[in-house]
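Numbers -8 to 537, taken from my numbering, label the letters of the sequence shown in order.
Backbone N, C-alpha and C fix where the C-beta goes; we use that ideal spot for every residue, glycine too.
Remember, it's a predicted structure, so these values are computed and weren't measured experimentally.
Down below is the structure, laid out as structure tokens.
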Amino acid sequence: MSSTASCDVLIVGGGVAGISLALRLAEHADVTLLAKAALTEGSSYYAQGGVAAVLNRESDSFEAHIKDTLIAGAGLCHRDTVEFVVEHGPDAVAWLTQQGVPFTPAEGGHNGDYHLTREGGHSARRVVHAADATGRAIETTLVDRVRAHPRITLLENHIAIDLVTRTKLGLPGPDRCVGLYALDKSTGDVVPFRARYIALAAGGASKVYLYTSNPDTSTGDGIAMAWRAGCRVANMEFVQFHPTCLYHPRAKSFLISEAVRGEGGKLKLPNGQPFMQAHDPRGELASRDIVARAIDYEMKRGGLDHVDLDISHQPADFIRSHFPTIYARCLEFGYDMTRGPIPVVPAAHYTCGGVVTDLNARTDIDRLYALGECAFTGLHGANRLASNSLLECLVFAKAAATDIAARLTQPDSDTPPLPPWDESRVTDPDEQVVVSHNWDELRRFMWDYVGIVRTTKRLQRAQHRVHMLREEIREYYANFRVSNDLIELRNLVLVAELIIQCALARTESRGLHYTRDYPEPDPRFEQKDTLLTPPRFAIAAARANV
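See the structure below:
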């Protein structure tokens, strides 16, 4: 059994939020960064669009970006958060440029000018990008710096299991986070990590659905761990389904960037008829919730397994230069987007809710921070505006780093040792099929009952099934040694339950939450978040490793 590892700051997650925080904090502290897989396996790496920021004051303004975000959020954005993030956008892009991120320059522009694209819901061109692989450009640039930094310890293939707090250890006095347990997947050992400050940047939970644009790592680990530790979560009902993912049995829902529609791509039925104008006057540039519902409606109305996205009317050189990654990937599956349409379907894409934080990324538990997709800051409201996600990661990484760095100057004498991981009452699993079967059942009923269009009856059916799965997995977890699949399944079932609870509590349709039983927004829910608080007994009674 591995001995306890100690550090000043422990960060869970290797996406843009986690690595940005690590780089900013390494000037002040020894940082350990845990990544559950290789750093290039998170959602950030696959982000295509870009970073939304007001960089051209002649054609854009902070107020316009704020307004666009508030409109997309359908009455649930926290205006103070929106203003905070938008106004720090230019600084975030400047910091990335200083790190060496190769953003696409403006055509014929002056040195330092960026090419800006426009995406759905934006009233101006304000998305800075690196061709159509912005996430990859940011990740690879920052990862190189992380690997080279002497004060950052990078531990890939380590999946966090649970947070440890003073309350969980049965210690008196104010509660605070003191560390966590993580599974070293290369050895099978469970390692206790003791830290003065812990930051969760573990991403979203879209793998709770059968079809998703996200990689396999998006299993809601940060949200689930924070909930079990005693943190509130909010607005979990708002799951964004990206309208356009490549439809092909071997494509694994490869994302077709919203920028394709921003540059003139049209959504059409298989007979070539455009349909978005019938659903929204903004057509293809409507916000993602509207476009996804429109596609879902047309597919169900026509009994279709996909719709088409057509940008072939644009010059072939334009398409290849603006979307080289998408163009090459589509060719692999036999689709030439310069010559004709490509088939697309919606897929689960982004978790708008998460762990409740303030503008410093602090959670309800002292010394525990959350940022990125696992956090709920109030920025996205009922629907995330395109390319605001990487922006949020960057802005809150700086905010958290500033707050933690200031607190690191304070003496620390109350971080207790962590007990060893207790495996005295568990054995090796006897039937792994239990995990794989429950994983498949969960994702299928979440897709069928808690998807783009919902009803109360569907949600109740999902709730009944998730309760049965939760008890089965709890028993399994208590009796067998942990594995990567078991940890992820345990987290996904909990996150699914939180999504369903929030969806049942919101008896209206707003943004990404659409229910046929309450098809219109209810003014009583305006500016009203769906807040869930974990039961105290579940926190206080739990052993440190249960």
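One Cα belongs to Asp413, the other to Ala242, and the distance between them is close to 41 Å. Within a 10 Å sphere around the beta-carbon of Ala139 sit fewer than 16 other beta-carbons, which makes this residue exposed. Leu477 sits in a helix when the DSSP states are folded into three classes.
For Cys384, the uninterrupted alpha helix (DSSP H) segment begins and ends at Asn379 to Leu399. Leaving aside the five residues that flank Tyr202 on each side, the residues in its chain whose CB is nearer than 6 Å to its CB run, in chain order, Ser244 and Ala338. Around Gly345, the same chain offers Ile214, Cys365, Ala366 and Phe367 as residues with beta carbons nearer than 6 Å, after the five sequence neighbours per side are excluded. With a cutoff of 9 Å on beta-carbon distance, Gly111 and Ala38 are scored as not near each other. Taking 3 residues as the shortest admissible run, the stretch 321 to 390 contains the following complete beta strand (DSSP E) segments, listed from N- to C-terminal end: 333 to 342, 345 to 347 and 359 to 361.
Boundaries of the beta strand (DSSP E) around Phe232: Val230 to Leu237. Shortest Cα-Cα distance from Val417 to any of Asp51, Gly164 and Val473 involves Val473. About 5 Å separates the beta carbons of Thr60 and Val73, which is inside the 8 Å limit, making them a contact pair. For Leu87, the enclosing alpha helix (DSSP H) begins and ends at Gly80 to Gln90.
Assignment of Ser(-3) by DSSP, reduced to helix, strand and coil, places it in the strand class. Under the three-state reduction of DSSP output, Tyr509 falls in the coil class, being neither helix nor strand. The beta carbon of Asn482 sits closer than 7 Å to the beta carbons of Thr210, Gly211, Asp212 and Ala215 from its chain, once the five residues preceding and following it are set aside; these are given in chain order. Around the beta carbon of Leu370, 16 or more other beta carbons lie within 10 angstroms, which makes this residue buried. Taking the C-beta atoms as reference points, Leu1 is found no nearer than 9 Å to Ile143. Taking C-alpha positions only, Asn351 is separated from Gln492 by approximately 27 Å. Inter-residue distance for Ile333 and Tyr326 is about 6 Å (C-alpha atoms, whole angstroms). Contact check between the stretch 505 to 513 and the stretch 442 to 450: three or more CB pairs, one atom from each, fall below 8 Å, which counts as touching. Cβ contact annotation for Thr(-5) (same chain, cutoff 6 Å, sequence separation greater than five): Pro183, Arg185 and Leu409, in chain order. For Thr342, the closest alpha carbon among the candidates Gly194, Ala217, Ala496 and Pro96 is that of Gly194.
By DSSP's assignment, Leu522 forms a beta bridge with Ala225. Here Ile150 carries a strand assignment [DSSP, helix/strand/coil]. Between Asn475 and Lys27, the C-beta spacing is below 9 Å.
By the Cβ-count criterion, Gly9 is buried, with 16 or more other Cβ atoms from all chains shown falling within 10 Å of its own Cβ. Every alpha helix (DSSP H) of 4 residues or more that sits fully in the stretch 412 to 478 is shown, in chain order, as 424 to 440 and 447 to 470.
When secondary structure is reduced to three states using DSSP, Ala250 falls in the helix class. Taking the Cβ atoms as the reference, Arg456 lies roughly 5 Å from Phe436, within the contact range of under 8 Å.
Rounded to whole angstroms, Asn262 and Glu32 show a C-alpha spacing of 37 Å.
Within its own chain, the residues whose Cβ lies closer than 7 Å to the Cβ of Asn429, once the five positions on either side in sequence are excluded, are Leu460, Glu463, Ile464 and Leu480, listed in chain order. For Thr23, the enclosing beta strand (DSSP E) begins and ends at Val22 to Leu25. Distance check between Asn148 and each of Gly91, Gly5, Arg273 and Gly66 places Gly5 closest, using alpha-carbon atoms only. Boundaries for Ala29: no alpha helix (DSSP H) harbours it, and the DSSP string shows neither H nor E there. Between the stretch 382 to 391 and the stretch 71 to 89 there are three or more inter-stretch CB-CB distances shorter than 8 Å, so the stretches are counted as touching. Assignment of Arg187 by DSSP, reduced to helix, strand and coil, places it in the strand class.
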